[in-house]
Amino acid sequence: MSLNPHLFVVLGATGDLFSRKLLPAIFSLMVDNDAKIIVLGVATRDLDDAAFQAVSRSDLAAAGIPSDDYDKWCEECLHYEQISTDGDYSELATRIEQVEQEHDLSGDRIFYLALPPRVFPEAIQRLGDAGLATSPGWTRLVIEKPFGRDLQSARELNSIVHSNFDESQVFRIDHYLGKETVQNLLVFRFANPLFEASWNRDRIERVEITVAESLGVGERGGYYDRAGALRDMVQNHLTQILTLVAMETPVVFEADAIRDEKVKVLRSIRGIDPTQVVLGQYEAGAVGDEPMTAYRDATDVASHSRTPTFAAIRLQLENWRWQGVPFYLRTGKAMKERTTQIAVTFRRPPICLFHGRADSCIEHSNVLYLTLQPDEGFSLEIEVKEPGESGRLRTIPLRFSYSEAFGDIPMAYETLLADVVEGDQTLFVRSDEVEESWRLYTPIVDNPGEPHPYPAGSWGPEAARDLLGSGVTNWATGPH
Ligand SMILES: NC(=O)c1ccc[n+]([C@@H]2O[C@H](COP(=O)([O-])OP(=O)(O)OC[C@H]3O[C@@H](n4cnc5c(N)ncnc54)[C@H](OP(=O)(O)O)[C@@H]3O)[C@@H](O)[C@H]2O)c1
Numbered sequence: 006m007s008l009n010p011h012l013f014v015v016l017g018a019t020g021d022l023f024s025r026k027l028l029p030a031i032f033s034l035m036v037d038n039d040a041k042i043i044v045l046g047v048a049t050r051d052l053d054d055a056a057f058q059a060v061s062r063s064d065l066a067a068a069g070i071p072s073d074d075y076d077k078w079c080e081e082c083l084h085y086e087q088i089s090t091d092g093d094y095s096e097l098a099t100r101i102e103q104v105e106q107e108h109d110l111s112g113d114r115i116f117y118l119a120l121p122p123r124v125f126p127e128a129i130q131r132l133g134d135a136g137l138a139t140s141p142g143w144t145r146l147v148i149e150k151p152f153g154r155d156l157q158s159a160r161e162l163n164s165i166v167h168s169n170f171d172e173s174q175v176f177r178i179d180h181y182l183g184k185e186t187v188q189n190l191l192v193f194r195f196a197n198p199l200f201e202a203s204w205n206r207d208r209i210e211r212v213e214i215t216v217a218e219s220l221g222v223g224e225r226g227g228y229y230d231r232a233g234a235l236r237d238m239v240q241n242h243l244t245q246i247l248t249l250v251a252m253e254t255p256v257v258f259e260a261d262a263i264r265d266e267k268v269k270v271l272r273s274i275r276g277i278d279p280t281q282v283v284l285g286q287y288e289a290g291a292v293g294d295e296p297m298t299a300y301r302d303a304t305d306v307a308s309h310s311r312t313p314t315f316a317a318i319r320l321q322l323e324n325w326r327w328q329g330v331p332f333y334l335r336t337g338k339a340m341k342e343r344t345t346q347i348a349v350t351f352r353r354p355p356i357c358l359f360h361g362r363a364d365s366c367i368e369h370s371n372v373l374y375l376t377l378q379p380d381e382g383f384s385l386e387i388e389v390k391e392p393g394e395s396g397r398l399r400t401i402p403l404r405f406s407y408s409e410a411f412g413d414i415p416m417a418y419e420t421l422l423a424d425v426v427e428g429d430q431t432l433f434v435r436s437d438e439v440e441e442s443w444r445l446y447t448p449i450v451d452n453p454g455e456p457h458p459y460p461a462g463s464w465g466p467e468a469a470r471d472l473l474g475s476g477v478t479n480w481a482t483g484p485h
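Mapped onto the numbering used here, the consecutive letters of the sequence shown carry residue numbers 6 to 485.
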């Protein structure tokens, strides 16, 4: 891919996101595409170019990249500008022009907000006030998650964005959308008529989307206690996956046509029934052999905190394709295993084979597991006849593994950054999508109630199972 030479301005360039994820992704993007990418790091800390380059070198080393590869790039292409928390961005604007002149750039710019979310509104306003929403080339604004804390704050943030930037310039990032398997959902569904023909209420019994983390809150208690599972995971990542699983075929495979269909999915959900929501919080336990203290004992977490670290929700989509098919979203910290998975359970044939013998009745449904992490790929469980006279049926998986088929796959952030440079908004969340999503979850976020306790290292509170309804004893766990 040939990428335009551009200036990548990162606001929040001394933070965790930049050092662990963005910088290695920018570097890989530059190397993989032989692109000219000049970085201007911005934060309030007192650093100069040399100090910023030194920190960046150790960040790239920590990412496992050999120093021969990045030494020259860091020295020539990384710059730093200190800003104050209360000043305007006029000095930043001047510095941007200087750096562009120095590197002979034509004014194509990305502003990446890797800032604490409370700083998003003022940063966007200051960029606009300093005339930085336009340039001699293109200007794009990337906004990290979370976008708002509820419907009201998301609307206010959208309003500030739109009073300074055009929506076509805005890239609201949800890094789950950069994962190959998430993108592959569209290909899986729409390039394989076998599945698309069955992707509806006639053939599918239920859909479960799980994002389980085995880690607890660690040292991020201060952030997490203000966010919780609904804001941190459900409103964004799980809901984005849901829209891709459930959307109709877009009229054309372009950003707005795809995003129109995703918004329609959210609009088809009238609201969430509070009785169909189970929130939980982990207590002391063990994940594998590792003991874990209770959430309320974690650093910077209030001792009486009611912040949910687990959420399970049953949703109903009121449209022709999905009427009557329950969709379940489930996420938690300190869970038994780390996995991100979509389990699609197909309806069972209502028959017994082989002259009605009891042991040849079809007891298992076909289940399609689409695994997003840790082993990206899918597995389709089908029924086969055991060899011999018994006539018994056995469930076996048909598997596909991304790493076995393709080796290493690009990092999600690299994929998304390439799309920003290309101006492709398909994998970014539009303003109406984010508001529709908040419309659903704001009532629960506002009144979470007392969370159900669950031991660290389990699959969450027992009550979550009750959401599955009669005849379903447990969440789909696989592939087997
Ligand atoms: N870390 C992750 O893995 C991750 C994953 C997904 C999303 N995110 C999102 O990414 C964003 C950044 O997260 P983070 O973990 O990198 O946070 P962080 O470690 O706290 O870093 C925040 C950055 O913002 C700078 N900053 C703070 N106030 C500022 C201001 N008023 N003006 C300019 N710069 C300011 C800080 O530097 P100074 O103190 O030097 O100013 C620092 O560079 C957040 O929105 C977060 O939700 C992070």
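Think of the CB as a built atom: it goes at the ideal place given N, C-alpha and C, for glycine as much as any other residue.
Asked                                                                                                       : Found
H242 (DSSP reduced to helix, strand or coil)                                                                : helix
Backbone secondary structure at F433 - three-state DSSP                                                     : coil
Span separating the alpha-carbon of R352 from that of R208                                                  : 5 angstroms
Anticipated Cβ contact below 8 angstroms, L398 with E388, distance rounded                                  : 5 angstroms
For L445 and R264, the rounded distance between their alpha carbons                                         : 17 angstroms
Inter-residue spacing [alpha-carbon to alpha-carbon] between L432 and D424                                  : 8 angstroms
Under 7 angstroms between C-beta atoms of V283 and A339                                                     : no
Closest by C-alpha distance to F274, when choosing among M297, R326, Y229, H242                             : The residue asked about is misnamed: residue 274 is Ile in this sequence, not Phe. Closest by alpha carbon: R326.
Pair within 7 angstroms by beta-carbon distance, L12 and E105                                               : yes
Three-state class that DSSP yields for S463 in the structure shown                                          : strand
Under the three-state DSSP convention, the category V292 falls into                                         : strand
Pairwise C-alpha distance: G285 and P458                                                                    : 6 angstroms
Under 7 angstroms between C-beta atoms of Q58 and L83                                                       : yes
Heavy atom of ligand 2 within 6 angstroms of V124 beta-carbon                                               : The ligand content of the structure shown is limited to ligand 1, which means ligand 2 is not among them.
T314 versus Y418: straight-line alpha-carbon distance, rounded                                              : 25 angstroms
Whether Q174 touches L132 by CB criterion (7 angstroms)                                                     : no
Ligand 1 heavy atom lying under 6 angstroms from the CB of L422                                             : no
For C357, the residue or residues it bridges with in DSSP                                                   : C366
Where G133 sits in the DSSP three-state scheme                                                              : helix
E149 CB to nearest heavy atom of ligand 1 below 6 angstroms                                                 : yes
C-alpha gap between Q157 and T400, whole angstroms                                                          : 48 angstroms
Given L249 as reference, the closest of A461, G226, Y181 once Cα atoms are compared                         : Y181
T478 beta carbon less than 7 angstroms from that of R335                                                    : no
Neighbour-count burial assignment, Q346, 16 or more Cβ in a 10 Å radius                                     : buried
Any non-hydrogen atom of ligand 1 closer than 6 angstroms to P392 Cβ                                        : no
Local conformation of E81 per DSSP, three classes                                                           : helix
Alpha helix (DSSP H) segment containing G382, residue limits                                                : No alpha helix (DSSP H) contains G382, which is instead part of the beta strand (DSSP E) from 382-390.
Burial state of E354, where buried means 16 or more other Cβ atoms lie within 10 Å                          : Per the sequence shown, the amino acid found at residue 354 is Pro instead of Glu. P354 is exposed by the Cβ-count criterion.
Contact test: T345 Cβ vs ligand 1 heavy atom, cutoff 6 angstroms                                            : no
Ranges of the beta strand (DSSP E) found wholly within the region 290-325, counting only runs of at least 3 : 290-292, 295-297, 315-321
Nearest-angstrom Cα separation, counted from E427 out to I277                                               : 37 angstroms
Extent of the continuous beta strand (DSSP E) to which H180 belongs                                         : Where H180 is concerned, there is no enclosing beta strand (DSSP E), given that its DSSP letter is neither H nor E.
R225: CB within 6 angstroms of a non-hydrogen atom of ligand 1                                              : no
Boundaries (first-last residue) of the beta strand (DSSP E) holding H167                                    : It is not in any beta strand (DSSP E) - H167 instead sits in the alpha helix (DSSP H) that spans 156-169.
Straight-line gap, E161 to D171 (C-alpha atoms, nearest Å)                                                  : 15 angstroms
Same chain, Cβ closer than 7 angstroms to D51, neighbours up to 5 away in sequence not counted              : Q87
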